[in-house]
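Participant: Quick one: structure below, then a few questions.
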């Protein structure tokens, strides 16, 4: 990710996937945080979208969260 436009491209491209609640890029860290419904979309689909947008998806730290 070399520019803020790249970050916006990723946020928009991933954010429009069905089941994705939010996609936020930290440009300085070159890190994407995605909140999604795992019963509606799989992580591999998100990775595929990132590759289709022309970027590389590195390792992920998955953290499951729930709502109260």
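In this note's numbering, the protein residues as written are -3 to 64.
In this text, a Cβ means the ideal position worked out from N, Cα and C, and glycines have one as well.
#1: Return the Cβ separation of residue 45 and residue 15 in integer angstroms, given the expectation that the two are a contact with Cβ distance under 8 Å.
#2: Would you call the CB atoms of residue 17 and residue 31 closer than 8 Å?
#3: How long is the line joining the alpha carbons of residue 51 and residue 26, rounded to whole angstroms?
#4: Could you pull out every residue in the same chain whose Cβ sits closer than 7 Å to the Cβ of residue 49, ignoring the five residues on either side in sequence?
#5: CA-CA distance, residue 40 and residue 20?
#6: Look up residue 41 in the DSSP assignment and say whether it is helix, strand or coil.
Facilitator: This is what the structure gives:
#1: If you number the chain shown from 1, residue 45 lands on position 49. If you number the chain shown from 1, residue 15 lands on position 19. Actually they are not in contact, since the Cβ atoms of residue 45 and residue 15 sit about 11 Å apart, beyond 8 Å.
#2: The residue labelled residue 17 in the question sits at position 21 within the chain shown. The residue labelled residue 31 in the question sits at position 35 within the chain shown. Against a cut-off of 8 Å, the Cβ pair of residue 31 and residue 17 comes out as a contact.
#3: As a first step, residue 51 is located in the chain shown; it is residue number 55 there, counting from the start. As a first step, residue 26 is located in the chain shown; it is residue number 30 there, counting from the start. The straight-line gap from Cα to Cα measures roughly 11 Å.
#4: Start at 1 with the first residue of the chain shown, and residue 49 comes out as number 53. So the list reads 5, 6, 9, once near-sequence residues are dropped.
#5: In the chain shown, counting from the first residue as 1, residue 40 sits at position 44. In the chain shown, counting from the first residue as 1, residue 20 sits at position 24. Roughly 18 Å between the two C-alpha positions.
#6: The count along the chain shown starts at 1 and reaches residue 41 at position 45. In the structure shown, residue 41 sits in a helix (DSSP, three-state: H, G or I).
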